[in-house]
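K.L.:
First the structure, then my questions, so here it is.
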Amino acid sequence: MSKEDMIELQGVVTEMLPESRFRVRLDNNVEILAYGSGKMKLHRIRVLVGDRVTVEMSPYDLTKGRINFRHPTAKIEHVPSPRRRH
């Protein structure tokens, strides 16, 4: 494994921490500390507690990671509100 190789795992955000950090429980029941990637900050993609995410981790430190992708959740059907006439 080279220095640039990253490990990608999926998990669920369990806690929001200060300084845009998150506690993520991976599918193998390991909790890590993660932060949002630069592209997510650039495009203002919000990550909330309960969101399913893909985390990229270095093979050298398996306690920290970077959130690369927020998986879409089941969308709630939008009920339009009645229009008011003026």
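In terms of UniProt numbering, the sequence shown has 86 at position 86, counting the first letter as 1, and numbering is strictly consecutive.
All residues carry an ideal CB built from backbone N, CA and C; glycine is no exception.
Considering only residues of the UniProt domain "S1-like" (1–72), which uninterrupted alpha helix (DSSP H) runs meet the minimum length of 4 residues and lie entirely inside it, listed in chain order?
P.N.:
Whole alpha helix (DSSP H) segments, 4+ residues: 38–42.
K.L.:
I'd like the list of long-range same chain contacts for S20, defined as Cβ closer than 8 Å, with 5 residues on each side in sequence excluded.
P.N.:
Excluding sequence neighbours, S20 sits near Y35, G36, K41.
K.L.:
Shortest alpha-carbon distance to L62 belongs to which of F69, I32, T54?
P.N.:
Out of F69, I32, T54, I32 has the C-alpha closest to the C-alpha of L62.
K.L.:
Could you compute how far the alpha carbon of L54 sits from the alpha carbon of V13?
P.N.:
Here the sequence assigns Thr to residue 54, which means Leu is not the residue at that position. Approximately 10 Å between the Cα atoms of the pair.
K.L.:
Quick check: the Cα distance between E29 and G38, rounded to an integer number of angstroms?
P.N.:
According to the sequence displayed, residue 29 carries Asn and not Glu. In a straight line, the C-alpha of N29 is about 26 Å away from that of G38.
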